[in-house]
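Participant: Take a look at this one; I'll ask things after.
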Amino acid sequence: VSEWDYTNPNPYVVEGAFETGAYAAAQDWSMLARFCYGWSPHQYKLPQPIHTFTVVSDPLRLLSERAGALFFLRGDVRKSERCYPLILPRDYFKRNSQEPGPILNRLALLGKTGLILCDSVQSARLPQNTVQAFSLDESALPMSRIARASQALGKLNLGASLFRNDTGELELNAEQGTFLVRTPRSEAFVLKEGAGLSGTFAKVRADKSFCSVLCSAMDSRPLTESNRYLLLHLTQTTNAGMEFRSQDATVLDKWRTGNAQLLIRRGEATITLNRDLSGFRLYALNLAGKRIGELPFKTANGKTEIRMKTDFNGKVVAAYELIRK
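Mapping to my numbering: the sequence shown position 263 is 291, numbers consecutive.
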């Protein structure tokens, strides 16, 4: 994918790398290119206000890239096995003025998908592990594993709000506004204020503010055995002086004040790990990844509970290191 992004200003912008990295890994894509890290070299050298696309000036979006990289580059999220291809006749757009309905994009939430270009539906060569293919040529008669694209909504329940992919590692709930990644080495949670979400190794409650949370093993071990963890707790970055018309931030009246002062939305979350981590130490990290202080945590009944807040002694905190002594 040559260009992708979740753009500012957007209260939920940090979820972009979580979701894109995870689903790209499940699709087994070869490359992801964010548009864009920066417009010019000086943006990498001097503090800048956040912009619509630029990532380098937004510290929380930069941290969210780490989550996406773990899912996609390290391979924490495994590729889907079941295939749901779309069959596209080569002359489709000569005969049709409209693109296929966006509902078909939801096939990627279930398993691998993509276009098969062919001269006719009958000549299409389906990938191995094809569960159901859909033809965009509505005049073609359905075959054993090929149905009309208009039937996808009913056959696969694409109108639902809850989607769990074929490996069980990715779960998106549109109605609840949540996203869950559940793998042996990483678990991630995107959730609204007041919501809770449970993985296999961890569960998270967003006590204050929307947030995207990551718990990942930073060694070669699975989460259940790791000696070092990275925790991310990401909310939102804005420019000082930004003005929105309402709390939902759907209309922006003033973009920035001209300086590079940034604000982080205050947030609090609780993460509970299904492991007694007595003998570990928890460090709050600054936005450059340096330790700025040690924090307490609770252990009981084989579990560990950690309170995450976006400030520590007046400094912004979005990441934590949990390491064995």
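Where is the CB? At the ideal position from N, CA and C, for every residue including glycine.
I'd like the list of long-range same chain contacts for Leu60, defined as Cβ closer than 8 Å, with 5 residues on each side in sequence excluded.
Facilitator: Hits under 8 Å: Val29, Trp32, Thr48, Gly49, Ala52, Gly96 and Phe100.
Participant: Return the residue from the list Pro212, Gly269 and Gly205 that minimises the CA-CA distance to Phe238.
Facilitator: Phe238 has its Cα closest to that of Gly205, out of Pro212, Gly269 and Gly205.
Participant: If you measure between the beta carbons of Leu163 and Lys140, is that distance less than 7 Å?
Facilitator: Inspection of the sequence shows that residue 163 is occupied by Ser rather than by Leu. The answer is no: Cβ separation not under 7 Å.
Participant: Using the Cβ count rule (16 or more neighbours within 10 Å means buried), how would you classify Tyr72?
Facilitator: Exposed, by the Cβ-count rule.
Participant: For Thr265 and Leu301, which I take to be in contact (beta-carbon distance under 8 Å), what is that distance rounded to the nearest angstrom?
Facilitator: That pair is no contact at about 27 Å.
Participant: In chain order, which beta strand (DSSP E) runs of at least 3 residues are fully inside the segment 107-133?
Facilitator: Whole beta strand (DSSP E) segments, 3+ residues: 114-117.
Participant: Alpha carbon to alpha carbon, what distance is there between Asn314 and Ile320?
Facilitator: Going by the C-alpha atoms only, they are around 6 Å apart.
Participant: From Tyr65 to Leu251, what distance separates their C-alpha atoms?
Facilitator: Between Tyr65 and Leu251, the C-alpha separation is close to 31 Å.
Participant: For Lys183, which three-state DSSP category applies?
Facilitator: In this structure, Lys183 counts as helix in the three-state DSSP scheme.
Participant: Per DSSP, Cys64 is paired with what?
Facilitator: Per DSSP, none; premise fails for Cys64.
Participant: Rounding to the nearest angstrom, what Cα-Cα distance links Arg273 and Lys282 in this structure?
Facilitator: Between Arg273 and Lys282, the C-alpha separation is close to 9 Å.
Participant: Could you check the C-alpha separation between Tyr34 and Tyr112 for me, to the nearest Å?
Facilitator: Those two C-alpha atoms are separated by around 26 Å.
Participant: Buried or exposed: which applies to Gln160, given that a residue is buried once 16 or more other Cβ atoms fall within 10 Å of its Cβ?
Facilitator: With 16 or more other Cβ atoms within 10 Å, it is buried.
Participant: Out of curiosity, what's the CA-to-CA distance linking Ala230 and Arg106?
Facilitator: If you take the alpha carbons of Ala230 and Arg106, they lie about 19 Å apart.
Participant: Is it buried or exposed for Glu166, if we count other Cβ within 10 angstroms and need 16 for buried?
Facilitator: Its Cβ having fewer than 16 others within 10 Å, Glu166 is exposed.
Participant: When DSSP labels each residue in this structure, what does Arg102 get in the three-state scheme?
Facilitator: Note: Arg102 maps to coil in three-state DSSP.
Participant: For Ala275, count neighbouring Cβ atoms within 10 angstroms of its own Cβ and tell me buried if that reaches 16, exposed if not.
Facilitator: Checking the sequence, you will find Gln at residue 275 rather than Ala. Classification of Gln275: exposed, given that the 10 Å Cβ count is below 16.
Participant: For my contact list, Ala216 and Val209 are in at a C-beta cut-off of 8 Å; report their separation, rounded to the angstrom.
Facilitator: Sure, about 4 Å apart at Cβ, within 8 Å.
Participant: What residue does the alpha helix (DSSP H) around Glu47 start on, and which one ends it?
Facilitator: Glu43 to Gln55 is the extent of the alpha helix (DSSP H) around Glu47.
Participant: Short of 7 Å in beta carbon distance, which residues of its chain neighbour Trp67, apart from the five on each side in sequence? Order them along the chain.
Facilitator: Only Thr82 meet the Cβ criterion.
Participant: Which one or two residues does DSSP pair with Asn267 in a beta bridge?
Facilitator: For Asn267, which the question treats as bridged, DSSP gives the partners Leu290.
Participant: Take Gly187 and list the residues in its own chain whose beta-carbon comes closer than 7 Å to its own, dropping the five residues that flank it on each side.
Facilitator: The residues are Leu181.
Participant: Is Val149 helix, strand or coil by DSSP?
Facilitator: If DSSP states are grouped into helix, strand and coil, Val149 belongs with the helices.
Participant: Leaving out five residues on either side along the sequence, give the residues of the same chain with a beta carbon under 6 Å from the beta carbon of Glu93.
Facilitator: Cβ neighbours of Glu93 beyond the five flanking positions: Ala45.
Participant: Under 8 Å by Cβ, that's how I've got Leu91 and Ala288 pegged, so tell me the actual separation to the nearest angstrom.
Facilitator: With a Cβ gap of about 18 Å, Leu91 and Ala288 do not count as contacting.
Participant: Of the choices Ser178, Ile351 and Val84, whose alpha-carbon is the least far from that of Arg62?
Facilitator: Among Ser178, Ile351 and Val84, the Cα nearest to that of Arg62 is on Val84.
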